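So the structure is just underneath, and the comments pick up after that.
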Amino acid sequence: MAEVQEDDAGEPAQRTMTPFDDIYDQADPRAFFRELGAFGYRTPHHAQRIFRRLAALRLRAPGEVVLDLCCSYGINAALLNHELTLDDLYAHYTSPRAVAMTAEELAEHDRSFFRARRRRDAVPVIGLDIAPNAIAYARAVGLIDDGFAENLETTPPTRDLLDAARSIRLITITGGASFLSRATFQPLLDSARTLPWVAAFVLRTGSYAPIAEHLAGHGLTTETYAGRTFVQRRFTGAAEQQYAIDAVTAHGQDPDGKESAGHFHTALHLARPSADVSTPPLDELVAR
Numbered sequence: 001m002a003e004v005q006e007d008d009a010g011e012p013a014q015r016t017m018t019p020f021d022d023i024y025d026q027a028d029p030r031a032f033f034r035e036l037g038a039f040g041y042r043t044p045h046h047a048q049r050i051f052r053r054l055a056a057l058r059l060r061a062p063g064e065v066v067l068d069l070c071c072s073y074g075i076n077a078a079l080l081n082h083e084l085t086l087d088d089l090y091a092h093y094t095s096p097r098a099v100a101m102t103a104e105e106l107a108e109h110d111r112s113f114f115r116a117r118r119r120r121d122a123v124p125v126i127g128l129d130i131a132p133n134a135i136a137y138a139r140a141v142g143l144i145d146d147g148f149a150e151n152l153e154t155t156p157p158t159r160d161l162l163d164a165a166r167s168i169r170l171i172t173i174t175g176g177a178s179f180l181s182r183a184t185f186q187p188l189l190d191s192a193r194t195l196p197w198v199a200a201f202v203l204r205t206g207s208y209a210p211i212a213e214h215l216a217g218h219g220l221t222t223e224t225y226a227g228r229t230f231v232q233r234r235f236t237g238a239a240e241q242q243y244a245i246d247a248v249t250a251h252g253q254d255p256d257g258k259e260s261a262g263h264f265h266t267a268l269h270l271a272r273p274s275a276d277v278s279t280p281p282l283d284e285l286v287a288r
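If you read the sequence shown in full-length UniProt numbering, its first letter stands for residue 1, the second for the next number, and so on.
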């Protein structure tokens, strides 16, 4: 639940984001797309072309994989490896046909749906999320090659996850960064045979500095793309907007024209070994 306090008029004043907790661990993604779609959730759309470019740069040998952190129902994997847009997924999961199906019928349908749209340059993706139902769905319909329903913030990783982490070349994040710390990154980076790049779209309401500092201890230099920020979604109301404006301001950022205009915004952070920082430059990765 969102933490609330009363304002000077005695009305509840929201102090955090509106929770959508009930949509993240269902048997299928329909509620996710219905609820977040109502507020124009866009982050995977912004990430799609950038993650494709990064995967093409990083995955060069058989067995190398992308790890999608906080992967949910495999949405980033769907956009990375299939001829689909985020709008296509919204249309698919909110269509009358999909709404009328049982979860089992939808999963069977989705196996064919994604298979028919698989890109020829598809890359292996493994997923990590604390939601077992979401992981099970992503695996069942073929969006991820392997998935782990584990919370590394509270529990050490399983041996199977550590074994899978050996092949990680790229880590992607489009949500949930505020819940992550060194506890999640440490075992993954320690297990990887080759130091992976880390690409994260992070809400401006929080600070990515603690994670960037931890990555630096592993030899990864984090750059923040300065060319623009990326719309995440519309606010659910005035209280959530005020929370975002206050939080962004507290972190030394200017909300004018962004949060003040009605949307959460994210920033893109890319961590690479110092020798790789200009190969290619971040501006080129994002802009071209």
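Where is the CB? At the ideal position from N, CA and C, for every residue including glycine. In this text the structure is predicted, and so the values were computed from the model without any measurement.
Kindly indicate which three-state DSSP category F235 falls into: helix, strand or coil? By one-based count along the sequence shown, residue 235 stands at place 235. Residue state, collapsed to three classes: coil.
Quick check on A226: does DSSP put it in helix, strand or coil? To locate residue 226, count along the sequence shown from 1; it is residue 226. In the structure shown, A226 sits in coil (DSSP, three-state: anything other than H, G, I, E or B).
How is the alpha helix (DSSP H) around I23 delimited, first residue to last? Taking the sequence shown and counting its residues from 1, the one referred to as residue 23 is at position 23. Annotation for I23: no alpha helix (DSSP H) segment contains it, and DSSP assigns it neither H nor E.
Where are the alpha helix (DSSP H) runs, 4 residues long or more, that stay fully inside the segment 142-230, in chain order? 159-165, 182-191 and 209-217
Specify, as a first and last residue, the run of the alpha helix (DSSP H) that V99 falls within. As a working note, residue 99 is residue 99 in the sequence shown. Start and end: P96 to A100.
Inter-residue spacing [alpha-carbon to alpha-carbon] between H214 and N151: Translated into the one-based positions of the sequence shown, residue 214 becomes position 214. Translated into the one-based positions of the sequence shown, residue 151 becomes position 151. Approximately 18 Å, taken between the alpha carbons.
Buried or exposed: T202, going by 16 or more other Cβ atoms within 10 Å of its Cβ? Reading the sequence shown from its first residue, position 202 is the one you call residue 202. The identity of residue 202 in the sequence shown is Val, whereas the question assumes Thr. Per the 10 Å Cβ criterion, buried.
Check this for me: beta carbons of Y208 and M17, under 8 Å apart or not? By 1-based counting over the sequence shown, the position of residue 208 is 208. By 1-based counting over the sequence shown, the position of residue 17 is 17. With respect to the 8 Å criterion, Y208 and M17 are not classified as neighbours on the basis of their beta carbons.
What residue range is occupied by the uninterrupted beta strand (DSSP E) comprising I126? As a first step, residue 126 is located in the sequence shown; it is residue number 126 there, counting from the start. Segment V125 to D129, the beta strand (DSSP E) holding I126.
Quick check: the Cα distance between T85 and P29, rounded to an integer number of angstroms? Within the sequence shown, residue 85 is the residue found at index 85, counting from 1. Within the sequence shown, residue 29 is the residue found at index 29, counting from 1. One C-alpha to the other measures close to 16 Å.
Using 8 Å for Cβ pairs, my map puts V198 next to V125. What's the rounded Cβ distance? Here residue 198 refers to the residue found at position 198 of the sequence shown. Here residue 125 refers to the residue found at position 125 of the sequence shown. Rounded, the Cβ-Cβ distance is 15 Å, inconsistent with contact.
Cα-Cα separation between I114 and A77, rounded to whole angstroms: For this step, residue 114 is matched to residue 114 along the sequence shown. For this step, residue 77 is matched to residue 77 along the sequence shown. Note that residue 114 is Phe in the sequence shown here, rather than Ile. So the two alpha carbons sit approximately 11 Å from each other.
Just mark A271 as buried or exposed, buried being the case when its beta carbon has 16 or more other beta carbons within 10 Å. Working through the sequence shown from its first residue, we reach residue 271 at position 271. Around the beta carbon of A271, a 10 Å sphere encloses 16 or more other beta carbons of the protein chains shown; the residue is thus reported as buried.
Through-space distance from S181 to D190, alpha-carbon basis: Position 190 of the sequence shown holds residue 190. Position 181 of the sequence shown holds residue 181. Distance between the alpha carbons of D190 and S181: 15 Å.
For A275, count neighbouring C-beta atoms within 10 Å of its own C-beta (all shown protein chains included) and say buried if the count is 16 or more, exposed if not. Counting from 1 along the sequence shown, the entry for residue 275 is found at position 275. The residue in question, A275, is exposed, as its Cβ has fewer than 16 Cβ neighbours within 10 Å.
CB-CB under 8 Å to F179, same chain, minus the five flanking residues each way: which ones, in chain order? Position 179 of the sequence shown, counted from the start, is the residue given in the question as residue 179. Sequence-distant partners of F179 (beyond 5 residues in either direction) whose C-beta falls short of 8 Å from its own C-beta, in its chain, are C70 and E153.
Runs of 3 residues minimum, wholly inside the segment 249-287: which ones carry the beta strand (DSSP E) assignment? Entirely contained in the segment 249-287, the beta strand (DSSP E) runs reaching 3 residues are, in chain order, 263-273.
Give me, in chain order, the residues of the same chain whose beta-carbon lies closer than 7 Å to that of S260; leave out the 5 immediate sequence neighbours on both sides. Translated into positions along the sequence shown, residue 260 becomes position 260. Excluding positions up to five away in sequence, the list reads I245.
Nearest to T224 (by Cα), restricted to the options R193, I211, A250 and T236: One-based indexing of the sequence shown puts residue 224 at position 224. Out of R193, I211, A250 and T236, I211 has the C-alpha closest to the C-alpha of T224.
Segment contact, 8 Å Cβ cut-off, at least three pairs: the segment 220-235 with the segment 25-41: yes
Identity of the residue in H82, G257, E105 and H265 nearest I48 by Cα: What you label residue 48 is simply residue 48 of the sequence shown in a count that begins at 1. Note on identity: in this sequence residue 48 is Gln, with Ile being the wrong assignment. When each option's Cα is compared against that of Q48, the closest is H82.
Taking the straight line between their C-alpha atoms, what separation do you get for T94 and T43? For the purposes of this step, residue 94 is taken as the residue at position 94 of the sequence shown. For the purposes of this step, residue 43 is taken as the residue at position 43 of the sequence shown. Taking the straight line joining both Cα atoms gives about 19 Å.
Could you say if the segment 46-61 and the segment 167-176 meet the contact criterion of at least three C-beta pairs nearer than 8 Å? yes
Would A138 be called buried (16 or more neighbouring beta carbons within 10 Å of its own) or exposed? Position 138 of the sequence shown, counted from the first residue, corresponds to residue 138. Classification for A138: buried.
Report the three-state DSSP secondary structure of D88 (helix, strand or coil). Along the sequence shown, one-based indexing puts residue 88 at 88. Here D88 sits in helix by DSSP.
Among G176, A177, G206 and A164, whose alpha-carbon lies nearest the alpha-carbon of L188? Locating residue 188 in the sequence shown gives position 188, where the first residue counts as 1. Of the listed residues, the one whose Cα sits closest to L188 is A164.
Taking the DSSP output, what are the residues bridged to D68? Stepping through the sequence shown from its first residue, residue 68 is reached at position 68. Note: D68 sits in a beta bridge opposite G127 and T172.
Taking 8 Å as the threshold, find out whether the segment 244-258 comes into contact with the segment 276-286 through three or more Cβ pairs. no
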